[in-house]
Structure formats: C-alpha cells, structure tokens
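Protein chains in written order, with the working numbering: chain Z, -9 to 287; chain Y, 82 to 351.
What follows is a set of notes on a single structure, which appears directly below.
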Amino acid sequence: MSVTTKPVNQKAWFLILPVFICVAFSAILPLMTVVNYSVQDIISPERRVFVGTEWFAAVMRDQDLHAALWNQLKFSLAVLLLEIPLGIALALSMPAAGWKASATLVIVALSLLIPWNVVGTIWQIFGRADIGLMGATLQRLGIEYSYTGDALHAWLTVLLMDIWHWTPLVALLAYAGLRSIPDAYYQAARIDGASKFAVFRYIQLPKMRGVLMIAVLLRFMDSFMIYTEPFVLTGGGPGNATTFLSQYLTQKAVGQFDLGPAAAFSLIYFLIILLFCFVLYNWMQRLGQTEKEGGHE
Amino acid sequence: MNERRFKKRTVFLIAYLIFALLPIYWMVNMSFKTNQEILSSFSLLPQAFTWDNYKTIFTDESWYSGYINSLIYVAINTTISLTVALPAAYAFSRYSFLGDKHVFFWLLTNRMTPPAVFLLPFFQLYTTVGLMDTHLAVALAHLLFNVPLAVWILEGFMSGIPREIDETAYIDGYSFPRFFLTIFLPLIKAGVGVAAFFCFMFSWVELLLARTLTSVNAKPIVATMTRTVSASGMDWATLAAAGVLTIVPGAIVIWFVRHYIAKGFAMGRV
C-alpha cells in the first residue's frame, strides 16, 4: 500500500504495545547476552577477559567459514529460485472450492507438520538404495545414486528434501492470497477479454505481492539457517558438501564450547541474514511501487 | 482452449501431490514394520504387519504425554500470537506513526537469529523468571518467531482491504471493536486461517527451544522422539510411528481452517 496516504496517528502505538512486549521479553535479553559473550574470552564462568573485536576479526578471516557461507548462499538461492515459482504454480492449480480444495489443502500441508528431525530421518531411509523407495527406484532406473558417497547427489537430495518440505509454505500463502482477490477483478478482466496470462500478470501477481514477499523472506531466512534436516540426513558430508553455515556454527558453539567466537559468529550470521532480507524487502517494495505508478495513473 | 489449460493444471497438481505423498507413504509403511524388516528388505507393503510401534506410543506415558504437552503449549502460543497480532497488524496497515517501519522490520529480525548460541541465554532468562519446565515457558519463547510471522501475514491481508470500508463503518456509527470483529475479521478470514495454521505449525515442529526449556513436566513430543536415537542404534519403526502421529493434530487443524483459507474474500459476505 502506498505509505504516504496513511493518516498519522500516534495512538496506534497502543495497538502495537502488546506485540512489542511479547517479542521484546524473549528477544532483548538473550541478544544482549550474546553481544556480551562476543567481546569476551570465557575461560570459565568466573574467569572472563574482555577481548574487544578479536573474535569478530578471527571469524571474518576463517577460511572454512567462507566455504560454508558460499555453500549456504548457493543453497538458499537454489531454494528461492525453485520453491517460489513452484509454490505459485501449485497455488494456481489448486481447486478453489469444494471437497477437492479441502483434500488438496490437507495433503499439501502434511509435509510442513512433520518435525524437522523426523523429516531428515525419513529421507535418510527414503533415499537408501537398498531399502528406500526413492533410492531403490533410481537404482532400478540404472542411476548410480548414493547420497552418502557422492557430493553432488547429497547436495541434490538435501535440495529435493527442502523443496518437498517447504514448497507447501509458499503454496499455502499464495493460495490464500489468490482466494482473497475479489471476484469483481476477474469480472472486469473477463469483460476486457484478458488472456489467462494477462490475468496472472496484472491481477493475480500484484495482488499476491504482499504474501509473496513474506514467502520469499521466510524461505530465505529459514533456508539460510537450515540445520536439522541436512544434519540428520547427511551429517554435513560427504566431505563438506552439505555442511551449511548453521552446522558450522553449532560445531563451534556446542562441540568446541567456544562461546566467545561462536557468539561473534552468530552476530555476523545474523547481520548477513538481516542485510539480505533488507535488500530483498526494499527491492520488492520498490517493485510494487513502480508497478503502481506505471499502472494506469 | 480453457479445457486443455485446465487439464494441464490438473496433471501438474496430481504429479505434485504424488511427490508430496511418497515420503509420507514410506513413513507410514515403515511404521507398520519391525526394525528388522525395515533394515533387511525392500518392500512396498509391510510383510509382517504389526501394530506394536503404535502400541508402544499409546501405552507408554512418557511417549503420549509428549503429544499432550506439545498440544498445550502450541494452543497457548497460537492463541496469544493471534490475539496480540491482530490489533498490531491493523495499526501497521492503517496508520503511520513514529517508528512504524522500523518496528515492523525489527519484528521480523527476531526470526533471523541462528538458535545454537541463543539457547544458553534463553535457559538463563527463563530460569531467572522461574518458568523452567512449564508449558508457558515454551509458549512464550515461541512467541518470538510466531508473533512477527502473524503480524506480517495479517498485515499483508489487511492492506488488501480498501480503507473506505473502515471509514464507511465509522460513519455508520460502528465502534472500533464492533467494526473489527463483525466487519473486518470476516474480510481477512483467509489471512487469519493461514496465520493460525503457520503459528501452530512452527510451534509444533520447533525442537531446540522446546527441548532446552523443558525437562520432565512439559517435555514436548519432538524432544521425546530424539530418544529413538540411542547407543544401541536407531529405533526406526517407533520413530516412524511417532512421526505419523505428529501429523495428525496439524491435519485436523488445517481441516478446521480450510474454509477460511479456501473461500476468503471472494465468496464470503459483502
């Protein structure tokens, strides 16, 4: 919505206040604690030394981190490029009403409801060539498939698992967005004799912009922090093929118990996500604005 | 032309649904097998069909209480999330005020923190306020990522509703609460349905925070499940059965909100 035409009303803060309190309760203290860790060398709970930005510098120079970050960026980009169009296509082809709509909605939502560690476990079996449906089928088709041995296969399996797991999120959001387009818009398009594509491009897509923005941001940040599923499925291997950023972080924080560097890493990690989301958000906002201006006025 | 287009879409839809169901089918298949059968042979249907895995879960209190605990905190969380998010989303979509854009984006930044390092401070915070191992603790902690999500989703839907509707209602003498509940809410049913489902879903599957903040009394099912990984190896069959059962409550939730999502504005009143 065009921001400039909204009436100014400072009392609206009262409507925000409950949200502010709920979120701030869990957000501010933990964040401050982590900031606190990140500038100290914690030898034991009683012995702490202030080290300033040392950890930040060390983390930024870490070669392994660069590799993990690069891996992560490729993965998140692939996730966005595949899941967003697939989700939109799925939403467009889902029936609008009746028992078919209900049944599809439930089936589409199923994969979202499985706890993440179970998702990884199921795919671990599902992909095995001896006892899993997908692995065995590929084997019978003559494809030497092994997600534990081949780096590319492992990467593709994690990607496929993510598509299976999370495309429904995009689809459900887009579907709900589609369903809240008033009928009048479609009638107007019918009178104008607009093609299916024109309806999609000039009515459905702009009207879905709000929900799609949420879908893109959610998928970006969640895929950027993906941890449980690849950890259970491949354990980061073979080699480092599926070691993503959060796994690297957890190794540091939990495995080596280096709280200081791990906290500095967390904050850098957080800032990277923040930066990308900020750019994506503003870019999509801008896209909407120019579209509105270039529209009919 | 329309006919063929329709068919193409149906084929695509059916293909996707099969893709979506295959891993789940395999999980259901596994849940009726014994561990030995899962690991020794490939079969599309269980050869030695057994209910034992489900029996384990339904007769062992430490298993089924996990479901109850999860349902309790998820219900508390979803209720609080929607209650606080609705007015806030309205404020964001209708008014401009000091710091509105900053607060709106700040909300979402709370979903961007990788959990590994944040678990310890969370543990300390909830120990200090004396909420450890309660359902409320998990429900409150999950607000961190569910409230921003709900606000963003609802704001998106509310912005799609023309402001003239509000103004007409106020001229007609509606008070704000009455207008909000009787006119505005029905218009954004789809958004409320999706937001409720996503709050339920994210809280239901979240593992790390839920496990950190509970030990016995409020231990969630996702944490109980990690038991199936032990030194003696994986208990695949029980895990599969537990996995099948974790889908059920969510499937019921989406069944209840399906009308909100499917119909929405287009076919509702007004």
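For every residue, glycine included, the Cβ atom is placed at its ideal position computed from N, Cα and C.
From the DSSP output, in three-state form, read off residue i for me.
| i | result |
| --- | --- |
| Gly314 (chain Y) | strand |
| Met82 (chain Y) | In this predicted model, Met82 (chain Y) has a pLDDT of only 45, less than 50, meaning its place in the structure is not dependable enough to derive any value. |
| Arg38 (chain Z) | strand |
| Val(-7) (chain Z) | Since pLDDT at Val(-7) (chain Z) reaches only 47, below the 50 mark, its modelled position is unreliable, and the value read off the structure follows with that caveat. Three-state DSSP puts Val(-7) (chain Z) in a helix. |
| Met348 (chain Y) | No answer about Met348 (chain Y) holds up, because its pLDDT of 38 lies below 50 and its placement is not dependable. |
| Glu287 (chain Z) | Caution is warranted here: a pLDDT of 34 is assigned to Glu287 (chain Z), below 50, making its placement in the model unreliable, and no coordinate value can be reported. |
| Ile104 (chain Z) | coil |
| Asp214 (chain Y) | coil |
| Asp31 (chain Z) | strand |
| Ser122 (chain Y) | coil |
| Val(-2) (chain Z) | strand |
| Ser256 (chain Z) | helix |
| Arg46 (chain Z) | With the sequence shown as reference, residue 46 (chain Z) is identified as Phe, and Arg is not the correct amino acid for it. If DSSP states are grouped into helix, strand and coil, Phe46 (chain Z) belongs with the helices. |
| Arg192 (chain Y) | coil |
| Leu195 (chain Z) | helix |
| Leu159 (chain Z) | helix |
| Asn61 (chain Z) | helix |
| Leu19 (chain Z) | helix |
| Tyr217 (chain Z) | coil |
| Pro229 (chain Y) | helix |
| Pro330 (chain Y) | helix |
| Asp248 (chain Z) | coil |
| Val148 (chain Z) | helix |
| Gln53 (chain Z) | helix |
| Glu134 (chain Z) | coil |
| Ala206 (chain Z) | It should be pointed out that residue 206 (chain Z) corresponds to Val in this sequence rather than to Ala. In this structure, Val206 (chain Z) counts as helix in the three-state DSSP scheme. |
| Phe387 (chain Y) | An answer regarding residue 387 (chain Y) cannot be provided, because it is not within the stretch 82 to 351 covered by chain Y. |
| Leu288 (chain Y) | coil |
| Phe10 (chain Z) | helix |
| Val222 (chain Z) | helix |
| Asn230 (chain Z) | coil |
Taking a contact to mean a Cβ-Cβ separation below 8 Å, would you say residue i touches residue j in this structure?
| i | j | result |
| --- | --- | --- |
| Phe186 (chain Y) | Tyr271 (chain Z) | yes |
| Arg289 (chain Z) | Trp156 (chain Z) | No information on residue 289 (chain Z) is available, as it lies outside the stretch -9 to 287 that chain Z covers here. |
| Gln30 (chain Z) | Val24 (chain Z) | no |
| Ser16 (chain Z) | Ala222 (chain Y) | yes |
| Cys267 (chain Z) | Met211 (chain Z) | yes |
| Thr138 (chain Z) | Pro228 (chain Z) | yes |
| Pro20 (chain Z) | Phe203 (chain Y) | yes |
| Val13 (chain Z) | Asn191 (chain Y) | yes |
| Met108 (chain Y) | Val325 (chain Y) | yes |
| Ile269 (chain Y) | Arg169 (chain Z) | no |
| Asp181 (chain Y) | Ser296 (chain Y) | no |
| Trp336 (chain Y) | Val155 (chain Y) | no |
| Gly226 (chain Z) | Thr232 (chain Z) | yes |
| Leu59 (chain Z) | Ala197 (chain Y) | no |
| Gly200 (chain Z) | Gly241 (chain Y) | yes |
| Leu266 (chain Y) | Val273 (chain Y) | yes |
| Leu223 (chain Z) | Gln114 (chain Z) | yes |
| Ser101 (chain Z) | Pro158 (chain Z) | yes |
| Ile74 (chain Z) | Val206 (chain Z) | yes |
| Trp106 (chain Z) | Leu288 (chain Y) | yes |
| Phe123 (chain Y) | Ile121 (chain Z) | yes |
If distances are taken between C-alpha atoms only, which option among the options comes closest to residue i?
| i | options | result |
| --- | --- | --- |
| Ala48 (chain Z) | Z:Ala253, Z:Asn230 and Z:Leu277 | Z:Ala253 |
| Thr209 (chain Y) | Y:Phe113, Y:Leu224, Y:Lys270 and Y:Leu294 | Y:Leu294 |
| Gln194 (chain Z) | Z:Ile204, Z:Ala166, Z:Ile181 and Z:Pro251 | Z:Ala166 |
| Phe178 (chain Y) | Z:Gly132, Z:Trp113, Z:Ala231 and Z:Pro(-3) | Z:Pro(-3) |
| Phe130 (chain Y) | Y:His183, Y:Trp233 and Y:Phe113 | Y:Phe113 |
| Tyr27 (chain Z) | Z:Leu261, Z:Leu249, Z:Pro75 and Z:Leu150 | Z:Leu249 |
| Ala164 (chain Z) | Z:Leu261, Z:Asp140, Z:Gln129 and Z:Val98 | Z:Val98 |
| Ala271 (chain Y) | Y:Gly237, Y:Leu289 and Y:Val303 | Y:Gly237 |
| Ala321 (chain Y) | Y:Thr91, Y:Ile95 and Y:Ile119 | Y:Ile119 |
| Leu188 (chain Y) | Y:Thr309, Y:Ala96 and Y:Ile234 | Y:Ile234 |
| Thr137 (chain Y) | Y:Ser162, Y:Thr115 and Y:Leu152 | Y:Thr115 |
| Phe281 (chain Y) | Z:Phe190, Z:Gly110, Z:Gly77 and Z:Ile104 | Z:Ile104 |
| Ala318 (chain Y) | Y:Pro127, Y:Tyr255 and Y:Ile302 | Y:Pro127 |
| Val303 (chain Y) | Z:Asn61, Z:Lys1, Z:Val109 and Z:Leu70 | Z:Val109 |
| Val275 (chain Y) | Y:His340, Y:Pro301 and Y:Leu103 | Y:His340 |
What are the residues that DSSP puts in a beta bridge with residue i?
| i | result |
| --- | --- |
| Ser177 (chain Y) | Z:Val(-2) |
Is any heavy atom in the ligand MN found nearer than 7 Å to the beta carbon of residue i?
| i | result |
| --- | --- |
| Leu128 (chain Z) | The ligand MN is not among the ligands present in this structure, which contains no ligands whatsoever. |
Who are the neighbours of residue i on chain A, taking C-beta pairs under 9 Å?
| i | result |
| --- | --- |
| Trp144 (chain Y) | Annotation note: the requested chain A is absent from the structure, which comprises protein chains Z and Y. |
Which residues, taken in chain order from the stretch 308 to 342 of chain Y, show a beta carbon closer than 7 Å to some beta carbon of chain Z?
-> For the stretch 308 to 342 of chain Y, which is checked against every Cβ of chain Z, the residues closer than 7 Å are Trp317, Leu320, Gly324, Thr327, Ile328, Gly331, Ala332, Ile335, Trp336, Arg339 and Ile342.
Where the stretch 251 to 270 of chain Z meets chain Y: residues whose CB sits under 8 Å from a CB there | With the criterion set as a beta carbon lying under 8 Å from some beta carbon of chain Y, the members of the stretch 251 to 270 of chain Z are Ala252, Ala253, Phe255, Ser256, Tyr259, Phe260, Ile263, Leu264, Cys267 and Phe268, in sequence order.
Residues, ordered as in the chain, of the stretch 184 to 208 of chain Z that lie near chain Y by beta-carbon distance below 8 Å = Correct list: Lys186, Lys197, Gly200, Val201, Met203, Ile204, Leu207 and Leu208.
Of all the residues that make up the stretch 116 to 142 of chain Z, which are near chain Y by a beta-carbon distance shorter than 8 Å?
-> Going along the stretch 116 to 142 of chain Z in chain order, one finds Phe116, Asp120, Ile121, Gly122, Leu123, Met124 and Ala126 with a Cβ nearer than 8 Å to chain Y.
Identify each residue in the stretch 239 to 255 of chain Y for which the Cβ-Cβ distance to at least one residue of chain Z is less than 8 Å, and report them in chain order.
-> Going along the stretch 239 to 255 of chain Y in chain order, one finds Ser240 and Gly241 with a Cβ nearer than 8 Å to chain Z.
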